[in-house]
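Mind the numbering: the sequence shown is residues 1 to 298 in the numbering used here, read in order.
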Amino acid sequence: ETGAGTPTTLAFAIRWAVDHNATVINMSLAACFPATAGTTLTPDQKLLQAAIHYAVERNIVLVAAAGNLQQQGQPCGTQNNNPDPNAPTWIESPAWFADDVLSVAAIATTTTDAQQAGQPAGFTVWGPWVSVAAPGTNITSLDPGSPTGLSDQTYENNHVQGIQGTSFAAPYVAGLAALVKERFPGLDVHQVMNRIKMTAQHPAAPGGRDNQVGYGMIDPVAALTSVVPGEPGTPAAATAQRIPSDLGTLDGRSLSPMVIAMLGTATGVALLLITLFVVHAMNTAKRRQRVPASRLRL
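Here it is, written out as structure tokens:
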């Protein structure tokens with residue numbers, strides 16, 4: 001009746017999409033609740049988590065908006081800027097199921113008084129669940145009531161503003177996930193998620209991740225072309241190995257031939273140096289035996 005959904009209705013929607021052969025599910029919505037309520041799942045959140053698992057088990061990628069501050073009068077009232085990044089004030093669902101969901105923050109595309117282009121949008125909610133980021137401001141969207149069928153403005157808080165939100169950033173990532181699945185059909189859900197994260201433009205933070213943009217702005221070209229260590233058919237990343245000081249034997253074979261070769265090389269270098277020294281000495285002696293032209297008598 002109200003047009004608003006609940007975690008329960010979202011759970012049913014996910015299952016319906018799975019059963020009707022979806023390959024990627026985008027969830028441009030979020031429910032915000034205070035972290036003081038605890039992380040114990042309520043019955044409706046348990047239903048939502050079960051639906052997410054139902055999709056992941058069938059190799060379907062789920063993407064969710066990270067959430068907005070003051071969204072539609074139902075605020076995550078303050079930013080999650082606690083010095084402890086793992087202790088948020090507010091929790092966003094379904095984004096907080098980050099082990100199985102790609103949660104998307106919004107990046108500003110232009111500079112305003114509230115935000116700088118290329119930086120996290122002022123409204124995007126921070127949190128340990130954020131996976132990656134995508135453009136989330138100055139969006140051109142569809143509007144069936146417009147003569148052109150498009151719209152780039154909305155009326156909110158008693159004034160006209162550009163269309164923005166993490167709900168518009170999430171579809172960028174959902175589209176990229178579909179491309180990755182098409183390009184690499186052998187990858188499972190978590191490998192698709194990992195490829196998108198590892199090829200993003202990482203922020204200057206420990207581990208290349210922070211709570212504002214996750215692993216950073218997505219890079220579609222890199223996601224579709226880069227070699228990601230650990231994927232099927234990809235060599236694992238090389239690791240440094242310590243070389244022992246006592247070489248001993250090599251596969252049961254004596255190292256004597258190697259030692260002899262090294263001694264032979266050293267001997268050859270020594271003989272070369274001696275030869276150069278002798279030649280230099282002989283040339284010096286010859287120069288001393290010459291009589292200067294000024295002392296010759298007729």
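By construction, the Cβ of each residue, glycine as well, lies at the ideal position given by its N, Cα and C atoms.
| query | result |
| --- | --- |
| Tell me the rounded alpha-carbon separation between A121 and P85. | 18 Å |
| When we look at the beta-carbon of N21 and count the other beta-carbons within 10 Å, is it buried (16 or more) or exposed? | exposed |
| Measuring only the C-alpha atoms, how far is A205 from G216? | 10 Å |
| Leaving out five residues before and five after T109 in sequence, what residues of the same chain have Cβ atoms less than 7 Å from its Cβ? | A117, P135, T137, N138 |
| By a C-beta neighbour count over all protein chains shown, 10 Å radius and 16 as the cutoff for buried, is A87 buried or exposed? | exposed |
| Going by DSSP in three states, I60 sits in which element: helix, strand or coil? | coil |
| Would you list the residues sitting across from C32 in a DSSP beta bridge? | E92 |
| Output needed for H202: all residues of its chain with C-beta closer than 8 Å, excluding positions within five of it in sequence on either side, in chain order. | G208, R209, Y215, G216 |
| How close, in whole Å, do the beta carbons of S146 and S28 come, if the pair is a contact with beta carbons under 8 Å? | Going by Cβ atoms, the distance from S146 to S28 rounds to 20 Å, so no, they are not a contact pair. |
| Is the beta carbon of A31 less than 8 Å from the beta carbon of S103? | no |
| Tell me which residue opens and which closes the alpha helix (DSSP H) that A13 is part of. | 7 to 19 |
| Go through its chain and collect everything with a Cβ distance to H53's Cβ below 8 Å, but skip five positions before and after it. | D100 |
| Does the beta-carbon of N26 have 16 or more other beta-carbons within 10 angstroms, so that it is buried, or is it exposed? | buried |
| Does the Cβ of R195 have 16 or more other Cβ atoms within 10 Å, making it buried, or fewer, making it exposed? | buried |
| Please work out which residues of its chain come closer than 7 Å, Cβ to Cβ, to A223, disregarding the five sequence neighbours upstream and downstream, and give them in chain order. | L176, V180, R195, I196, T199 |
| Mind checking who L150 pairs with in its DSSP beta bridge? | L142 |
| Could you check where the beta strand (DSSP E) with V101 kicks off and where it finishes? | 101 to 107 |
| Residue range of the beta strand (DSSP E) that N194 falls in? | No beta strand (DSSP E) contains N194, which is instead part of the alpha helix (DSSP H) from 189 to 198. |
| Taking Cβ to Cβ, would you say Q49 is nearer than 8 Å to F97? | yes |
| So, for A114: in the same chain, excluding its five sequence neighbours on each side, which residues have a beta-carbon less than 8 Å away from its beta-carbon? | G122 |
| So, at 7 Å on beta carbons, what are the nonlocal neighbours of G149 in its own chain, with the 5 sequence-adjacent residues on each side left out? | L142, D143 |
| Going by beta carbon distance, what residues of the same chain come within less than 7 Å of T8, once the five residues before and after it are set aside? | D44, L47 |
| If you run the structure through DSSP and keep just helix, strand and coil, what is T225? | helix |
| Keeping to the same chain, check which residues put their C-beta closer than 8 Å to that of Y172; ignore five residues upstream and five downstream. | V104, A134, P135, I218 |
| What does the Cβ neighbour count give for V18, buried or exposed, with the cut at 16 atoms within 10 Å? | buried |
| How would you label A174, buried or exposed, when you count the other beta carbons within 10 angstroms and need 16 or more for buried? | buried |
| Use the C-beta contact count for Q212: other C-beta atoms within 10 angstroms, 16 or more gives buried, fewer gives exposed. | buried |
| Go to P85, then tell me how far its alpha helix (DSSP H) extends in each direction, as first and last residue. | Taken as a continuous stretch (DSSP letters only), P85 belongs to no alpha helix (DSSP H), as it is neither H nor E. |
| Whose C-beta lies closer than 7 Å to the C-beta of R15 among residues of the same chain, with five residues either side of it excluded? | A51, Y54 |
| How about T35 and I91: are their beta carbons less than 8 Å apart? | In the sequence as displayed, the identity of residue 35 is Ala instead of Thr. Yes, they are a contact pair. |
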